[in-house]
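According to full-length UniProt numbering, the stretch in the sequence shown is residues 1 to 211, in order.
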Amino acid sequence: MASIYDYEMMHFHMRASAALKWQHALAPHSYELFLKAVESARRLNVSSAGGLAGLVTTTSGKTFEVKLPANPSDSEAVSCSCGYPNLMLLPCAHVCCFAVSQRLDVVPYSGAYYKTNQWRDTCKVPYVPVSRDNLDASTIEAPVLGKKRGRPQVKGREAGQRGTGSKTGPSGSEGQLEASSSSDPFVPFTVSFCRSCGDTAHTTKQCSSSH
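Take a look at the structure:
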């Protein structure tokens, strides 16, 4: 128990120190998702817009409706027909594309849970000090795994029976092909930024705050 407590305390202080060095408004993981959304937004176009609502068109011609609230801090009111902002409370690529076209800062439309201030406030509350003398000295061992005796049971098949993976109906390979052809082509990409302070101009090894 003492080693578990020391381990948790060590990671708590590491997270608190990392939060103080971080310079972006979004926490590291949400910041990485945000950068990928901004990168994807470069491939999109705003077909029409009026005020805080507009239509964003992809390269394949698919259109998404974006609506932004008058108050950027109201992240729950950010709406896109793709459903990502409503589910994750983070701007999607369509929201980023529309906000940039209207010369709006996209970061404030993120949920408060993902922001650095929330991260720092969480680490401000310290762990309650615990005396190691009062901790249980017994060791915690892994449970004993039991192996079932006998030969493994294999489900038999009749002659000429095909598996579920060979279906050719609308729900099989043809349906998947139609679904994939109607969606946008996905090209994986990575974004590079400093994992210590969040700056995109240098790497972690070049960051002065990490040394």
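Heads up, the beta-carbon is just placed ideally off N, CA and C, and yes, glycines get one too.
As the structure is a computational prediction, the values presented were derived from the model and not from experiment.
For F193, the secondary structure class from DSSP, reduced to helix, strand or coil, is coil. Under the Cβ criterion (8 Å, minimum of three pairs), the region 31–46 counts as touching the region 77–94. The C-alpha of T57 lies about 14 Å from the C-alpha of K67.
With a 10 Å radius around the Cβ and a threshold of 16 neighbouring Cβ atoms, V144 comes out exposed.
Around G54, the same chain offers V46, S48, V66, F98 as residues with beta carbons nearer than 7 Å, after the five sequence neighbours per side are excluded.
Separation of S101 and P108 (C-alpha to C-alpha, rounded to the nearest whole angstrom) is 16 Å. About 6 Å separates the beta carbons of N86 and S79, which is inside the 8 Å limit, making them a contact pair. C197 is positioned such that its CB atom lies closer than 8 Å to that of W22. Assignment of V56 by DSSP, reduced to helix, strand and coil, places it in the strand class. Distances from the alpha-carbon of G50 to those of P69, K62, L35, S60 put P69 closest. Judged by DSSP secondary structure, V95 falls outside any beta strand (DSSP E) and instead within the alpha helix (DSSP H) spanning 93–101. In terms of Cβ geometry, C82 and R15 do not form a close pair [threshold 8 Å]. The straight-line gap separating the alpha-carbon atoms of A25 and D121 is approximately 13 Å.
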